[in-house]
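In terms of my numbering, the sequence shown is residues 1 to 109.
Cβ atoms here follow ideal geometry from the backbone N, Cα and C, with glycine treated the same way.
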Amino acid sequence: MDGAVKRRSFSDEGPLTPAAREAAALLKALAHEGRLEILCLLLENPCTVGEMEEALGLPQAAVSQQLMRLRGDGLVRAEREGRHIRYSLERPEVRGIIQELQRAFCPPE
Numbered sequence: 001m002d003g004a005v006k007r008r009s010f011s012d013e014g015p016l017t018p019a020a021r022e023a024a025a026l027l028k029a030l031a032h033e034g035r036l037e038i039l040c041l042l043l044e045n046p047c048t049v050g051e052m053e054e055a056l057g058l059p060q061a062a063v064s065q066q067l068m069r070l071r072g073d074g075l076v077r078a079e080r081e082g083r084h085i086r087y088s089l090e091r092p093e094v095r096g097i098i099q100e101l102q103r104a105f106c107p108p109e
């Protein structure tokens, strides 16, 4: 068949495969309500765990667990400020994605 599109199997490595893998990993990291809330909060300003607890109404253990995952995925960074650790967004593309999600799902009050 002339002009037919060749189907690729999932095992085929193509030029988009590494980018698709990276995008899928990012989406998996975002696919949790608590992590999304933390990232939305960090859009505005860097925060400590205590500030996140207060703003989100989540227990310290839950915030710390999600921050550990976000740090492991390279989405947030931690900087020590005296006795506290302040967290902020690490990757600029994450900022853009979170802003778009806010625009779509969090209408202005």
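Rounded straight-line distance, which links the Cα of residue j to that of residue i
{"i": "L41", "j": "V49", "result": "11 Å"}
{"i": "V63", "j": "R80", "result": "17 Å"}
{"i": "A25", "j": "P92", "result": "16 Å"}
{"i": "E53", "j": "P59", "result": "6 Å"}
{"i": "L89", "j": "P18", "result": "23 Å"}
{"i": "E51", "j": "G57", "result": "10 Å"}
{"i": "P108", "j": "Q102", "result": "9 Å"}
{"i": "Y87", "j": "A23", "result": "23 Å"}
{"i": "G14", "j": "C106", "result": "37 Å"}
Residue range of the unbroken alpha helix (DSSP H) whose run includes residue i
{"i": "A24", "result": "T17 to L30"}
{"i": "G34", "result": "E33 to E44"}
Whether residue i touches residue j by CB criterion (7 Å)
{"i": "L75", "j": "V94", "result": "yes"}
{"i": "I85", "j": "L39", "result": "no"}
{"i": "D73", "j": "A29", "result": "yes"}
Extent of the continuous beta strand (DSSP E) to which residue i belongs
{"i": "L56", "result": "First-last for L56: V49 to L56, but that is the alpha helix (DSSP H), not the beta strand (DSSP E)."}
Residues that residue i bridges to, as DSSP identifies them
{"i": "E79", "result": "R86"}
Short CB-CB distance (under 7 Å) between residue i and chain D
{"i": "E81", "result": "The structure shown contains no chain D, having only a single protein chain."}
Segment contact flag, the region 58-69 with the region 30-37, C-beta cutoff 8 Å, min 3 pairs | They touch, by the three-pair rule.
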